[in-house]
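From first to last, the protein sequence lines stand for chains A and B. Heads up: the first sequence begins at 1 in my numbering, then just goes up one per residue. Heads up: the second sequence begins at 285 in my numbering, then just goes up one per residue. The block underneath contains the structure these notes are about, expressed in C-alpha cells.
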Amino acid sequence: MQDQTMDSKTHDRLMKGLLYFALGLLAVASFFPFYLMIINSTRTGVEISRSFSVIPRGHLVENYKQLIKYVDIPRGIFNSILVSVPATLLTAYFSALTAYGLAFYKFKANKVVFGAILVFMMIPGQLSLIGFYQLCTKLHLVNTYIPLIVPAVASPGTVFFLRQYALSTVQTTLIEAARIDGAPELYTFHRIIFPILSPGIATMGIMTFIGNWNSYLLPMIILNKTDKFTLPVMVSTLRSATDLQQNQGATYLAVAISVIPIVLVFSFFSRYIISSISAGAVKG
Amino acid sequence: MGKQKRLNSYNRWGYAFVLPFTVVFLIFSVYPVLRTLHLSFTDLKVMGKAHWIGLANYSRVIHDKFFWRALWNTIRIWSVNIVLQLGLAFLLMMVFSDVKYKMKGLGFFRVVYYFPNLIAATSVAFLFKTLLDWRYGSFNIIISNITKLFGASYQPIDWIGNGNVVPYVIAVIQSWMWFGNSFIMLMAGVQGIPRDYYEAAAIDGAGRWTVFGRITLPLLRPIMMYVAITSLIGGLQMFDLPFLTVLPSANAYGRVQTVMMYLYRFGFTAGSINTGYASAVAYMLFLIILAVSLIQLYLFRDKDARSEKSQRRPKQKATSEGR
C-alpha cells in the first residue's frame, strides 16, 4: 500500500516534470525565431550564411549603416508614430463618446446607429477597400495620412465593446446627480464618465494601437511615396532589394527594429491585452 | 411634465455625442461599401467612365478558374493552420485545466505563447523568409548540422521556393502566430466554468478524465466553435503573410495566391487593374464569408436546443453571440 502511493507519486512528479519541459520547449519555439533575429542582426552576412550561432557578434553598427543606405528606418518609425498615435487617440476618445451617447441617451436615431454598428462589425474590411480607395482618389487624399487617421473616429467594434462596458460600470444616478449639480453634459462626460470607462478604453486602445502599428495593406495602397512609408510598408520594400539580401545581417536588423516598439508596449500592457482577448471569448 | 421636458432636452445631447462617429462612419465606411457594390456592376478600369454591365463581372468571377484556385489555396492554408493551432491550444488547455496536476505558471506561458501574434505579419514574413532561405537561411544550416551529427547527409529543402512545400510552411507560420490567441480564449472559457461543478465532481469522486470529458469539454464546445469560425472569417481574408513570403514572379506564387491577393492584383497592381472586376471579387468573398457566418449561427442554435433537451448536462453558458 505504502509502496504503491510512493510509486504513483513519483510517477506524477515525473509526468509533471515532462509536461513543464514540453511547455518550456513550446515557449522557446515562440521566442527562438526572434532571438535568432537579434543575434543575426549583430553578425555579417557571410557569418550568417556559413554557420549557425546563438552568440552575438559586434557588427551591429555596420549592419545599420548598410541598412539605412536602402531605407530610412528612423523616418519609418517617425511616420508610424505620426499615424498610429493620433488614430489610436481618436478611436479611444470618440468611441467612448459614442458609446456613452448610445448607452445613456434616448433619442430616435439611437437604435439606427446601434443597428448599423452591429451590421458593420460583421462586414469584413476588404469589402470597402476599393470604394475607399476610389473615394480617397476623388478627394485627393492619396499619399496623405488623412485616410489612415480620420476613419479611426468611427470604430464600430470598439464602440460596441465600450457601450457594454459603460452599461455595466456607470450608474444612472451618477449622471442624474451631476445634472442636479448643474454640470454641463460634456463636462459630465469628460470629468466623470471618461475616468470610469478608462480601464475599458485602455484595453481597447492598446489593441487598436497594435493593429494600427502593424497595419500593412491599407497604408501600402494609400501611400506611394517612399518618404511617407510607415514601418511595415518600409520593411516590405526590402524584399525586392536583392543585393541587400546578400547581407542578411542588415535584413534581420530591419525586422528587429520594426519589432521593438511592439515588444515595449507588450511588456508594459500584457495584462490588458490578455484580458481583452479573454473578454472577446467569453462575452463575445 | 416639466421634468419630462428637461429630460428630453438632456436626451437631445445624445445626437451631439453620436454625431462625429456617424459623419465619419457614413463617409469612410458606409459609402465605400456601397460604392464597391456599385462598381461591381460596371466596367471601370483605372480611370475614365464607368459603364453599367450588369452581372458580367460576377459571371466572369464564377467562370475564372484562378479565382477558385485562389479560394482553394486560401482554404487549404487555413485548414492546415486551424488543425495545428486549435490542436495545440487544446492540448495546452488540457494541461492547464487538469484537476490532478494543477499546473502553475499559466500567466507566464500565456504571455509567451501570445507573443508571436503581436508582431506585424510583414515582419514575421520577412523574418521567416530569411530564416528559411534554402542556401543562406539559419534553418537549413541547423538541420544540416544535426544530420551531420548523426552522420547523414541533408539535401537542403527549398522551403519558400517549392510550390508543394510553401503552402504548408505558411500554414505552420500562421498557426505559430495564432495558437497563443486560441489558447487564451480556451482558457478564458475554462475559467468561466463555475467552480461548483468541479467541487461537486470531486465530492462524487469523479476522476480527472471523467471531469474533463463530462464537464470541461462539453462546456467548452461553443468557445471552440467560436474560435474556429472567427479564425475562418479572418483566414478567408488572409493577405500579408503569403503576399510577403512569396514574390509574384516566383513559380510557387500560384500555389499560395489567396483570394485577397487575387483581389489585390485586379484592384491595385499596375498593369492589370480592373476596378469593376475586383469589386465583384470583393463581394463574392463577402458572400462566402456571409454563408460561413450563417452556418455558424445555425450550429450555435442547434447546440443550444440540444443542450436544453438533455437536462442532465449543466446548462450552457451564453457565450459568443454577436461580435
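Just so you know, even glycine gets a beta-carbon here, dropped at the ideal spot from N, CA and C.
For phenylalanine 209 of chain A, not one C-beta of chain B is nearer than 8 Å to its own C-beta.
Residues of the segment 123 to 143 of chain A with a C-beta atom less than 8 Å from some C-beta of chain B are Ile123, Pro124, Gly125, Gln126, Leu127, Ser128, Leu129, Ile130, Gly131, Phe132, Tyr133, Gln134, Leu135, listed in chain order. Look at the segment 548 to 559 of chain B: the residues with a C-beta under 7 Å from a C-beta of chain A are Gly551, Phe552, Thr559. Among the CB atoms of chain A, one or more fall inside 8 Å of the CB of methionine 387 of chain B. When the five nearest sequence neighbours on each side are left out, the beta carbons in the same chain lying within less than 6 Å of the beta carbon of leucine 504 of chain B are those of Gly473, in order along the chain.
When the beta-carbon positions are compared, glycine 115 of chain A and tyrosine 165 of chain A stay at least 8 Å from each other. A direct Cα-to-Cα measurement between glutamine 439 of chain B and arginine 50 of chain A gives close to 16 Å. DSSP places tryptophan 493 of chain B in the uninterrupted alpha helix (DSSP H) bounded by 492 to 495.
Listed along chain B, the residues sitting closer than 9 Å to alanine 109 of chain A by beta-carbon distance are Gly298, Tyr299, Val302, Thr306. Under the three-state reduction of DSSP, tryptophan 336 of chain B is assigned to strand. By the neighbour-count definition (other C-beta atoms within 10 Å, threshold 16), arginine 163 of chain A is a buried residue. For tyrosine 546 of chain B, the uninterrupted alpha helix (DSSP H) run begins and ends at 543 to 552, by DSSP. Classified as exposed, asparagine 143 of chain A has fewer than 16 neighbouring CB atoms from the shown chains inside 10 Å of its CB. Less than 8 Å separates the beta-carbon of tyrosine 537 of chain B from that of valine 530 of chain B. Around the C-beta of leucine 470 of chain B, 16 or more other C-beta atoms lie within 10 Å, and the residue is accordingly described as buried.
In this structure the segment 514 to 528 of chain B touches the segment 569 to 579 of chain B; the number of beta carbon pairs closer than 8 Å is three or more.
Residues of the segment 317 to 335 of chain B with a C-beta less than 9 Å from any C-beta of chain A: Val317, Leu318, Arg319, Thr320, Leu321, His322, Leu323, Ser324, Leu328, Met331, listed in chain order.
By a beta-carbon distance limit of 8 Å, alanine 485 of chain B contacts valine 495 of chain B. Their separation comes to about 5 Å. With a threshold of 8 Å between beta carbons, serine 168 of chain A makes no contact with chain B. With the rule of 3 Cβ pairs closer than 8 Å, the segment 398 to 417 of chain B counts as touching the segment 27 to 47 of chain A. From the beta-carbon of threonine 10 of chain A, no residue of chain B is found nearer than 7 Å; the closest lies around 14 Å away. If one requires a minimum length of 4 residues, the alpha helix (DSSP H) runs lying completely within the segment 124 to 193 of chain A are 126 to 138, 146 to 149, 156 to 169, 172 to 180, 185 to 188, in chain order.
For alanine 250 of chain A, same chain residues with a beta-carbon under 7 Å away, outside a window of 5 residues either side, are Asn63, Gln66, Leu67, Leu244 in chain order.
By the neighbour-count criterion, in which 16 or more other beta carbons inside 10 Å mark a residue as buried, glutamine 171 of chain A falls on the exposed side. Judged by DSSP in its simplified three-state form, threonine 230 of chain A adopts coil rather than helix or strand. Looking at the DSSP output, threonine 326 of chain B sits in a beta bridge with B:Trp336. Look at tyrosine 482 of chain B: its C-beta is not under 8 Å from any C-beta on chain A. Sorting B:Ala490, B:Tyr315, B:Val453 by C-alpha distance to the C-alpha of isoleucine 130 of chain A places B:Tyr315 at the top. Leucine 264 of chain A and serine 41 of chain A do not touch by the CB rule: their CB atoms are close to 17 Å apart, not below 8 Å.
In chain order, Tyr548, Gly551, Phe552 make up the part of chain B whose C-beta sits under 9 Å from the C-beta of isoleucine 221 of chain A.
Against chain B, the CB of arginine 239 of chain A has a partner CB under 8 Å away; the residue lies at that interface. In the three-state reduction of the DSSP assignment, threonine 358 of chain B falls in the helix class, which pools H, G and I.
Buried is the label assigned to alanine 99 of chain A, since at least 16 other Cβ atoms lie within 10 Å of its Cβ.
By the criterion of a C-beta distance shorter than 6 Å, arginine 539 of chain B is surrounded in its chain by Gly447, Pro451, once the five residues flanking it on both sides are discounted. Taking a C-beta cut-off of 8 Å against chain B, the contacting residues of the segment 266 to 278 of chain A are Phe266, Ser270, Ile273, Ile274, Ile277, Ser278, listed in chain order.
Threonine 414 of chain B reaches chain A at Gln248, Thr251, Tyr252, counting residues in chain order whose Cβ is nearer than 7 Å.
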